[in-house]
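Novice:
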Amino acid sequence: MNQRTLAVLEPHTATAVANAGFPPVEGLRTPHHTPAQSALWRILIVESNSADAETLARGLRRHGHEVDIVGTGSEALRAYADADLVLLDLELPDLDGLEVCRGIRAAHEIPVIAVTARGSELDRVLGLQAGADDYLAKPYGFRELMARMEAVMRRSRPTRPVAASITCGALRIDSGTREVTLDGVPVETTRKEFDMLYLLASHPDTVIPRKMLMQQVWGDSWSRRTVDTHVSTLRNKIGAGWIITIRGVGFRFGQG
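When you line the sequence shown up against my numbering, it's residues 73 to 328, in that order.
1) Would you mind reading off the limits of the beta strand (DSSP E) that contains V139?
2) I believe P276 touches F325 by the beta-carbon criterion, under 8 Å. Please report the beta-carbon distance rounded to the nearest angstrom.
3) On the DSSP letters alone, give me the boundaries of the beta strand (DSSP E) that S237 sits inside.
4) Assuming I115 and D156 are in contact, meaning their beta carbons sit under 8 Å apart, how far apart are those beta carbons, in whole angstroms?
5) Suppose the cutoff is 7 Å on Cβ atoms and the five residues either side in sequence are ignored; what does the same chain contact list for V139 look like?
6) Run through DSSP, which three-state label would R307 get?
7) CB-CB under 7 Å to E265, same chain, minus the five flanking residues each way: which ones, in chain order?
8) Using only CA atoms, which one of R177, L208, V224 and R296 lies nearest to D161?
9) Under 8 Å Cβ to Cβ from R282, same chain only, skipping five residues before and after it: list those, please.
10) Taking buried to mean at least 16 other C-beta atoms within 10 Å of its own C-beta, is P183 buried or exposed?
11) Just list the alpha helix (DSSP H) runs in the region 151 to 184, keeping only unbroken ones of 4 residues or longer that don't cross its boundaries, in chain order.
12) Just the Cα atoms here: how many angstroms apart are Q75 and S122?
13) My assumption, with CB atoms under 8 Å, is that I280 sits in contact with L269. Please give the rounded CB distance.
14) Return the chain-ordered list of same chain residues with a C-beta closer than 8 Å to the C-beta of H137, the five sequence neighbours on each side being excluded.
15) Going by other Cβ atoms of all chains shown within 10 Å of its Cβ, with 16 needed for buried, is L217 buried or exposed?
16) What does DSSP give as the partner residues of Y207 in its beta bridges?
17) From this set, S247, D267, T239 and G248, which residue's C-alpha is nearest L254's C-alpha?
18) Using a 10 Å radius around the Cβ and a threshold of 16 neighbouring Cβ atoms, would you call V334 buried or exposed?
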């Protein structure tokens, strides 16, 4: 078998697929929870070989997981924050997979499993040093991949508890009373404005993708214009420095 060919042992039975929605705000679709073995995960496959990617995705979907596929490193760096787990091929057409892994790890603690034809001991060491949580050389069996995925997810650290009130400099956000104050002066916010601000402030070191923000705050009823309007209005109330736009990705909490 060619080393670039993915050996997948198709499962004999399929796990029933439940409706996979976004988790509570605290989760932010990050994998820091400890899911049960039967939990549904959103998995990002980063694989330049479309046939390999589709074969792997088919097996994962049969187990009830939601799967997204991208074929380049640049796409991976834009899409990873929406996933619970990344399966990363290291041989990509635009960026070295190790650099992609380092980029993800520098910004996020999402589990990453390197899945690649690079199978030497040095390759494994470099992959783990780049931030991969596990390393699997092609060709491999599907059951082994599933076992490694489950082990990595079990080892994921739990999410840091979100404080009832958040104070950053002059800005204070109280989730109990749903009040915002700036330099001690109350700031009137709508329900959605407060939810959006609290979500961003609860994860100050995380860039929250636009799609995730829309789903968390607006659920199934939203549009791009709705988000932009609320961001603009909120900036007018508390200052532009508290909400930073990350072009092409989403938003993060600023320092005022």
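For each residue, glycine too, the CB sits at the ideal point set by N, CA and C. Please read these numbers as outputs of a predicted model, since none were measured by experiment.
Specialist: Checking against the coordinates, here is how it stands:
1) Membership of V139 in the beta strand (DSSP E) is indicated by the continuous run E138 to V142.
2) 5 Å
3) Note, S237: beta strand (DSSP E), S237 to C240.
4) 7 Å
5) Closer than 7 Å at the Cβ level, and outside the excluded window around V139, lie I115, I117, A129, L132 and R133.
6) The answer is helix: DSSP assigns R307 an H, G or I state.
7) H302, T305 and L306
8) L208
9) Annotation for R282: R296, V299, V321, G322 and F323 place their beta carbon closer than 8 Å to its own, counting only its chain and skipping 5 residues before and after.
10) buried
11) Taking only runs of at least 4 residues, the alpha helix (DSSP H) segments lying wholly in the region 151 to 184 are 169 to 179.
12) Summary for Q75: the model assigns pLDDT 40, below 50, so the residue's position carries little reliability; its value from the coordinates is reported in the next sentence. Rounded to the nearest angstrom, the two C-alpha atoms are 15 Å apart.
13) Going by Cβ atoms, the distance from I280 to L269 rounds to 12 Å, so no, they are not a contact pair.
14) L112, W113, R114 and I115
15) buried
16) Bridge partners of Y207: A186.
17) Measuring from the Cα of L254, the nearest candidate turns out to be T239.
18) Outside the shown range of the chain, which is 73 to 328, sits residue 334, and nothing can be said about it.
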